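Asker:
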Amino acid sequence: MKRNLLPARLDLAQSVTGLVLAVFMAFHLVFDSSILLGANAFRFVSGALEGELIFGQKIPLITTLFAGVIFAIFIAHAGLAMRKFPQNAAQYRAFRSHMKEMRHGDTSLWWLQIWTGFAMFFLASVHLYIMMTQPDTIGPAGSSYRIVFEWKWPLYLLLTIAVVLHAAVGLYRLALKWGWFEGKDPNRRRKTLKKAVWIVSAVYLAMSLAALGAFVHIGLTGQDHFGNQVEVVPR
Amino acid sequence: MSSPSPGRTLVFKILRHNPQDPTSEPHVARFELEEYEGMTLFIALNEIRERFAPDLQFDFVCRAGICGSCGMVINGRPGLACRTLTSTLAPEITLAPLPVFKLIADLSVDTGEWMRGMSERLETWIHEQTPVDLHAVEERMEPELAEAIYELDRCIECGCCIAACGTARMREDFVGAVGLNKIARFRLDPRDARDDGDFYDLIGDDDGVFGCMSLLGCHDICPKELPLQTQIAFLRRKMVRVS
Amino acid sequence: MKIVYTDVLVIGGGLAGLRTAVGVKQRGFDTIVLSLVPAKRSHSAAAQGGMQASLGHSAMGAGDNEDVHFEDTVKGSDWGADQRVARMFTHVAPKAIRELAGWGVPWNRVSQGEREAVINAERVVITESAKAHGLITARDFGGTRKWRTCYTSDGTGHAMLFALGDQSIAHGIPVMERMEALALIHEGGRCYGAVVRNLVTGELSAFLARATTIATGGYGRIYKVSTNAVICEGTGTAIALETGVAELGNMEAVQFHPTAIVPAGILTTEGCRGDGGILRDVKGHRFMPDYEREKRELASRDVVSRRMTEHMRKGLAVQSPYGDHLWLDITVLGREHVHKNLREVTDICRYFLGMDPAEDWIPVRPTQHYSMGGIRTDHRGESTTLKGLFACGEAACWDMHGFNRLGGNSVAETVVAGMIVSEFIADFCAGSESDINLSTGLVREFVEREQAGLDGLLNSSNGESASAIRSRMEEIMIEQVGIFRTGSELESAVEELEQLLERSRRLSVRNRVPGANPELVAAYRLPKMLKLALCAALGARQRTESRGAHYREDFPQRNDRDWLNRSITTWPSAEATLPRLDYESIEVGDMELPPGFRGYGTRDHIDHPHSDQRHRQIEQILKAVDPNDRYARQAALMPFEHLLPEKYRPRSQRLEIKT
Chain B
934 MKRNLLPARL DLAQSVTGLV LAVFMAFHLV FDSSILLGAN AFRFVSGALE GELIFGQKIP
994 LITTLFAGVI FAIFIAHAGL AMRKFPQNAA QYRAFRSHMK EMRHGDTSLW WLQIWTGFAM
1054 FFLASVHLYI MMTQPDTIGP AGSSYRIVFE WKWPLYLLLT IAVVLHAAVG LYRLALKWGW
1114 FEGKDPNRRR KTLKKAVWIV SAVYLAMSLA ALGAFVHIGL TGQDHFGNQV EVVPR
Chain U
893 MSSPSPGRTL VFKILRHNPQ DPTSEPHVAR FELEEYEGMT LFIALNEIRE RFAPDLQFDF
953 VCRAGICGSC GMVINGRPGL ACRTLTSTLA PEITLAPLPV FKLIADLSVD TGEWMRGMSE
1013 RLETWIHEQT PVDLHAVEER MEPELAEAIY ELDRCIECGC CIAACGTARM REDFVGAVGL
1073 NKIARFRLDP RDARDDGDFY DLIGDDDGVF GCMSLLGCHD ICPKELPLQT QIAFLRRKMV
1133 RVS
Chain E
70 MKIVYTDVLV IGGGLAGLRT AVGVKQRGFD TIVLSLVPAK RSHSAAAQGG MQASLGHSAM
130 GAGDNEDVHF EDTVKGSDWG ADQRVARMFT HVAPKAIREL AGWGVPWNRV SQGEREAVIN
190 AERVVITESA KAHGLITARD FGGTRKWRTC YTSDGTGHAM LFALGDQSIA HGIPVMERME
250 ALALIHEGGR CYGAVVRNLV TGELSAFLAR ATTIATGGYG RIYKVSTNAV ICEGTGTAIA
310 LETGVAELGN MEAVQFHPTA IVPAGILTTE GCRGDGGILR DVKGHRFMPD YEREKRELAS
370 RDVVSRRMTE HMRKGLAVQS PYGDHLWLDI TVLGREHVHK NLREVTDICR YFLGMDPAED
430 WIPVRPTQHY SMGGIRTDHR GESTTLKGLF ACGEAACWDM HGFNRLGGNS VAETVVAGMI
490 VSEFIADFCA GSESDINLST GLVREFVERE QAGLDGLLNS SNGESASAIR SRMEEIMIEQ
550 VGIFRTGSEL ESAVEELEQL LERSRRLSVR NRVPGANPEL VAAYRLPKML KLALCAALGA
610 RQRTESRGAH YREDFPQRND RDWLNRSITT WPSAEATLPR LDYESIEVGD MELPPGFRGY
670 GTRDHIDHPH SDQRHRQIEQ ILKAVDPNDR YARQAALMPF EHLLPEKYRP RSQRLEIKT
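Same order as they appear, the protein sequences are chains B, U and E.
Sequence positions in the first sequence follow my numbering and run 934 to 1168.
Sequence positions in the second sequence follow my numbering and run 893 to 1135.
Sequence positions in the third sequence follow my numbering and run 70 to 728.
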């Protein structure tokens, strides 16, 4: 009998893609939040990421390519994770009623992951597509315009919440799944990890939502919250 | 001894159904009992049967938390009824049979058939290298290793981990924590000749270790407090290494 | 009528039944195991402390061997045991341990070097030999001269049962769960199988077999308070009795375990005392040394239980709403030991008493625990009077326990008897004597008789309620056929039990469903249980001496002159209300170890007239044998190896460890 190694590889791939995306997001959201330090800070960061420091000018193609790669990983992760979703109404009902009866934290958190993941199919796809196709618009002005006048703020609001929760819970579950950070007393360590999930989520949510607010502020007033003028106009 | 507030009246809401009886419909039956000190669900259920419902079905054997017969869903969570003191519960107590397993009637389910199927599928027995020479001194084993094997050997196949598992609720072929723990136990045992490749053939798919989503309902309700979380994680690492 | 054919029908899925099934399967015979519950839920799982086998690997077990184990067992039995069977048992026990080790039982192992232990309430340092490192170790138990009880923490029975359960699955043995044998099918002194009821559907079927084996455990549940599982109602023993042909032996020999928790009656293992735990009274005083200077808490169970009861009668018990009790103190062992090596005990205390035994004392009192009596068999495990019927384990009176069983000898008996008896069953099945020539008409008659009985229960109205009669029986047994017995109480017990049996023939049930029906089950089991209760009570009334667990306050001496025998009960007819009682004498002239002082309890007995003669004879015989060859000395006194199946005859290799 030939051993079927596919299940092992798929399981590993699901974890690896998830980890990559989570780590990516951890940086992404910090970079985004540079807007909290003012429009110039954000301009510097976004420029640097597009190669300005190396090539002396922004090369939007870098963003396109990078977004493309992330998009691919995202699609792979979604596809792999979907295998674990309820496959039909009976499974859906079984899990729902199980969760309601059990009132068990980690079981309920999985439901949260399913729904945040499901939401991101749409939200993240839209976002990634824009980043791929309009990389040149990233900047304090372009981003603010997009958020306010192209009505992307509801999308980003939901996406931010979804991605932060999904990634934080996902990282927690990765640790349990593969036995990382078990320490001498895995039960206590798990409580610590769980606490870390909530702290990290709260910090990231606060930071990212404040950043979103900062963009909205720029869009509405034409200046950042330090008073620096930003010329928010359509392209 | 824990002492409940005197004179509590307990209300039991028991999910009843007898599939043997064509006229039976699943319904919740309500019973009231006066609580007294030291009352367990074993005592309470026997009293209910004696006084109100002579046909009420449930399973108890050792009534000491050792044999695993009396797994049922107590206020939404699987647990062993015999060792659950009513004083640890609110006065309204809901009882339901363990899900996933075939219902015999009321609170009685067929865990035996399920466990046997699991055992046959995962070959949960020592695969000996050579038959033991009964007359010779036994093989040596490090004392710590023997204790580590016993730690995992303590599973009583009560079925609570299966009932508490979101995956098992959705997918009937999932081997669950009970099955994975057994593989971990035999993997640890030097008397078993199987290697990781052999174990992969048994649990290396989405009905096995890769089906586990680490919801850890199993770990959190296991009446024997088996280290299921770490054992399943350990197995996952080993099985991935096979690939 | 459904008829199922097999070679060997095994009734009972505990350790003894499973080992028997595996044994006959290995010999190439088909077998079916019937069990009231999933096999791994059998009461064998509740054996906590360990299994005796004279490996002698631990420092405190050094010098142990089959001879010492044999002596301890016979003394424990108060000379009631069949000494040849005790020899067979002690010879095979080490092999059983090793077989189970091969099947995966994670026996605790010797760890070389110094370690702390508690002996006689004092911390001592034991040095384990490097030579024994990694071999199976043992703990102390009552009534033994060496530390001989092999264990896996305090879940020994569990580990053994799961290993055997897994072996039975590996061998592809069908275990049919929720099946109850209601009657044995027999004709002309030959047993052909059983009428079996499916407890889920209520359907009756006939299982026909060359050999039928009963391994259904004890009958503890005829007592109000018992450590036994709720399924230990003795019905397997009772269906043998109801044939009117098969004999039961020593039914009055009922063991009380010293330390079951109050009020739940759940066992805390003898390992608690074996590991150094002590008994205290209401004043916190450790009282056992006052009674038993040498063995203290670790005299045999019958003695400790009696001493505890005696002490409580002096008004030194702790009073509680659930009756009097004493304290078991294992706090002296230290938290780590308690939580690691007495884990089940810790769990039981936590869940049922809401306390931590490493911190507080455990409320305990003697509680019914073990049935020495059972289906009387020869050394091969076959009924002495009903051919084709075999029995082993607690259900049998094989008879290695006599009137008191040593702790750790019961799980040992289950597997050892399973090993030995399965070989004899296979031999029996291989021969033409096991051929079945039976008309299906007879089978139909047996099935119809049982069906009629059930229908009668379901259709009658205004009859008696089984539960009231049962409660009364349980009370009578615990109050009048308990630890201390007197003629007058036993007299009234027999009389009232007889009345209860008559009343139990007019039962009716409220729930008239023919299928799964707990009330019906209780009703049809009741007369069976009452018959066993009567066998025990009548046996106790007639036995005007004290031996092992049977203690008559009006006849406190062991009387070898008149009572060195086995009580044999049979049930004369379906209408009878009392068993027939006979006696099988135990020959002093054949004994390797003639009657004497046990080394604990009271030194007071009436000698058998042949005792002295046998002692002198033994001295004479031994003069002619090499004093250093223990095997030769043993063989000269009471040869037994020829009684064993050939594969178990070789001597067990042992590591000689010098201390």
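Glycine included, every Cβ here is placed at the ideal spot set by N, Cα and C.
Since the model is a prediction, treat every value here as computed from it, not as a measurement.
Can you tell me the Cα-Cα spacing of E/K215 and E/A228, whole angstroms?
Answerer: For this step, residue 215 of chain E is matched to residue 146 along the third sequence. For this step, residue 228 of chain E is matched to residue 159 along the third sequence. Computed Cα separation, rounded: 23 Å.
Asker: Contact between the segment 569 to 588 of chain E and the segment 519 to 539 of chain E: three or more CB pairs below 8 Å?
Answerer: yes
Asker: What is the residue span of the beta strand (DSSP E) that E/H438 lies within?
Answerer: Here residue 438 of chain E is taken as the residue at index 369 of the third sequence, counted from 1. Taken as a continuous stretch (DSSP letters only), the beta strand (DSSP E) holding E/H438 covers I431 to S440.
Asker: Between E/L204 and chain U, is there a C-beta pair that is closer than 7 Å?
Answerer: Mapped onto the third sequence, residue 204 of chain E falls at position 135. By this cut-off, E/L204 is an interface position.
Asker: Using the rule of at least 16 other Cβ atoms within 10 Å of the residue's Cβ for burial, across every protein chain shown, is U/D913 buried or exposed?
Answerer: Position 21 of the second sequence, counting from 1, holds the residue named residue 913 of chain U. Label assigned to U/D913: exposed.
Asker: With 7 Å as the threshold, decide whether the Cβ of B/H1037 is near any Cβ in chain U.
Answerer: As a working mapping, residue 1037 of chain B is identified with position 104 in the first sequence. At least one chain U Cβ lies under 7 Å of B/H1037.
Asker: Counting only beta-carbon atoms, is U/T1122 nearer than 7 Å to chain B?
Answerer: Residue numbering aside, residue 1122 of chain U sits at position 230 when the second sequence is read from its first letter. At least one beta carbon of chain B lies nearer than 7 Å to the beta carbon of U/T1122.
Asker: Measuring only the C-alpha atoms, how far is U/C974 from U/H909?
Answerer: The count along the second sequence starts at 1 and reaches residue 974 of chain U at position 82. The count along the second sequence starts at 1 and reaches residue 909 of chain U at position 17. Cα to Cα, U/C974 sits roughly 21 Å from U/H909.
Asker: Could you give the residue range of the beta strand (DSSP E) that holds E/H326?
Answerer: Stepping through the third sequence from its first residue, residue 326 of chain E is reached at position 257. V323 to I330 is the span of the beta strand (DSSP E), which, as asked, contains E/H326.
Asker: Is the Cβ of U/Q949 closer than 7 Å to any Cβ of chain E?
Answerer: Your numbering for residue 949 of chain U matches position 57 in the second sequence. Chain E, which has a Cβ nearer than 7 Å to the Cβ of U/Q949, makes this yes.
Asker: What's the gap between the Cα of E/G211 and the Cα of U/S1011?
Answerer: Taking the third sequence and counting its residues from 1, one reaches residue 211 of chain E at position 142. Taking the second sequence and counting its residues from 1, one reaches residue 1011 of chain U at position 119. Distance between the alpha carbons of E/G211 and U/S1011 is about 37 Å.
Asker: Can you tell me which of the three DSSP states E/A150 falls into?
Answerer: Residue numbering aside, residue 150 of chain E sits at position 81 when the third sequence is read from its first letter. In the structure shown, E/A150 sits in coil (DSSP, three-state: anything other than H, G, I, E or B).
Asker: Taking its Cβ as the centre, do 16 or more other Cβ atoms sit within 10 Å of U/H919, making it buried, or is it exposed?
Answerer: Here residue 919 of chain U refers to the residue found at position 27 of the second sequence. Exposed, by the Cβ-count rule.
Asker: Starting from E/N41, follow the beta strand (DSSP E) in both directions and report where the run begins and ends.
Answerer: One cannot answer for residue 41 of chain E here, as it falls past the ends of chain E, which runs 70 to 728.
Asker: E/T328: buried (16+ other C-beta within 10 angstroms of its C-beta) or exposed?
Answerer: Taking the third sequence and counting its residues from 1, one reaches residue 328 of chain E at position 259. Buried: at least 16 other Cβ atoms inside 10 Å.
Asker: State buried or exposed for E/M52, treating a residue as buried only when at least 16 other CB atoms are found within 10 Å of its CB.
Answerer: Since the first residue shown for chain E is 70 and the last is 728, residue 52 of chain E is missing from the structure and cannot be characterised.
Asker: Let's test the definition: count the other Cβ atoms within 10 Å of the Cβ of E/Q324 and tell me whether it reaches 16, buried, or not, exposed.
Answerer: Counting from 1 along the third sequence, the entry for residue 324 of chain E is found at position 255. When all chains shown are included, E/Q324 counts as buried.
Asker: Tell me whether the beta-carbon of B/S966 lies closer than 7 Å to the beta-carbon of B/A1144.
Answerer: Here residue 966 of chain B is taken as the residue at index 33 of the first sequence, counted from 1. Here residue 1144 of chain B is taken as the residue at index 211 of the first sequence, counted from 1. Closer than 7 Å, so yes.
Asker: Taking DSSP as the reference, what is the three-state secondary structure of E/H711?
Answerer: Along the third sequence, one-based indexing puts residue 711 of chain E at 642. DSSP places E/H711 in helix when its eight states are reduced to three.
Asker: Quick check on U/V1070: buried or exposed, where buried means 16 or more other Cβ atoms within 10 Å of its Cβ?
Answerer: Mapped onto the second sequence, residue 1070 of chain U falls at position 178. Buried: at least 16 other Cβ atoms inside 10 Å.
Asker: If you count every other CB in all the chains shown that lies within 10 Å of the CB of E/T613, and 16 or more means buried, which is it?
Answerer: One-based indexing of the third sequence puts residue 613 of chain E at position 544. Under this definition E/T613 is an exposed residue.
Asker: Are there three or more Cβ pairs, one per stretch, closer than 8 Å when the segment 148 to 157 of chain E is compared with the segment 654 to 668 of chain E?
Answerer: yes
Asker: Which of the three DSSP states, helix, strand or coil, is assigned to E/M129?
Answerer: Stepping through the third sequence from its first residue, residue 129 of chain E is reached at position 60. Note: E/M129 maps to helix in three-state DSSP.
Asker: Taking only the alpha-carbon atoms, compute the straight-line gap between E/Y391 and E/G318 and give it to the nearest angstrom.
Answerer: Start at 1 with the first residue of the third sequence, and residue 391 of chain E comes out as number 322. Start at 1 with the first residue of the third sequence, and residue 318 of chain E comes out as number 249. When rounded, the distance between both Cα atoms is 34 Å.
Asker: Does chain E have any CB closer than 7 Å to the CB of U/G957?
Answerer: For the purposes of this step, residue 957 of chain U is taken as residue 65 along the second sequence, with counting starting at 1. Taking Cβ atoms only, chain E reaches closer than 7 Å to U/G957, which makes this a yes.
Asker: Indicate the three-state DSSP secondary structure (helix, strand or coil) for E/I166 in the structure shown.
Answerer: Against the third sequence, residue 166 of chain E aligns to sequence position 97. Residue state, collapsed to three classes: helix.
Asker: To be precise: take each residue of the segment 900 to 934 of chain U, compare its Cβ to all Cβ atoms of chain E, and keep it if any distance is under 8 Å. Which residues remain?
Answerer: N910, Q912, D913, E929, G930 and T932
Asker: Determine the DSSP secondary structure at E/S104, reduced to helix, strand or coil.
Answerer: Taking the first residue of the third sequence as position 1, residue 104 of chain E is located at position 35. Reduced to three states, the DSSP call for E/S104 is strand.
Asker: Which of helix, strand or coil does DSSP assign to E/S111?
Answerer: If you number the third sequence from 1, residue 111 of chain E lands on position 42. If DSSP states are grouped into helix, strand and coil, E/S111 belongs with coil.
Asker: Who does E/G318 pair with in a DSSP beta bridge?
Answerer: Along the third sequence, read from residue 1 onward, the residue named residue 318 of chain E stands at position 249. Beta-bridge partners assigned by DSSP to E/G318: E/G443 and E/I637.
Asker: Quick one: residues in its chain with C-beta nearer than 7 Å to the C-beta of E/V314, no 5 flanking neighbours on either side, listed in chain order?
Answerer: As a first step, residue 314 of chain E is located in the third sequence; it is residue number 245 there, counting from the start. The answer, listed in chain order, is H255, G258, T454 and L455.
Asker: Contact defined as beta carbons within less than 8 Å: I believe U/D947 pairs with E/V490. What is the distance between those atoms, to the nearest angstrom?
Answerer: Numbered from 1 along the second sequence, position 55 holds the residue referred to as residue 947 of chain U. Numbered from 1 along the third sequence, position 421 holds the residue referred to as residue 490 of chain E. Actually they are not in contact, since the Cβ atoms of U/D947 and E/V490 sit about 39 Å apart, beyond 8 Å.
Asker: Taking the alpha carbon of E/G608 as the reference point, which residue from E/P641, E/L559, E/A207 and E/G203 has its own alpha carbon closest?
Answerer: As a working mapping, residue 608 of chain E is identified with position 539 in the third sequence. Nearest option by C-alpha distance: E/L559.
Asker: Just to confirm my understanding: we take U/E990, look at its own chain, exclude 5 residues before and 5 after, and list those with CB closer than 8 Å. What are they?
Answerer: Within the second sequence, the letter at position 98 stands for residue 990 of chain U. At residue 990 of chain U the sequence reads Leu, which differs from the Glu that was named. Result list for U/L990: G963, M964, V965, P970, V1001, T1003, G1051, C1052, I1054 and A1055, in chain order.
Asker: Fully enclosed by the segment 1036 to 1118 of chain U, which alpha helix (DSSP H) runs are 4 residues long or longer?
Answerer: List check, alpha helix (DSSP H) in window: 1052 to 1055, 1058 to 1062, 1068 to 1080, 1088 to 1095 and 1109 to 1113.
Asker: Tell me whether E/G203 is buried or exposed, calling it buried when 16 or more other Cβ atoms sit within 10 Å of its Cβ.
Answerer: The count along the third sequence starts at 1 and reaches residue 203 of chain E at position 134. So E/G203 counts as buried.
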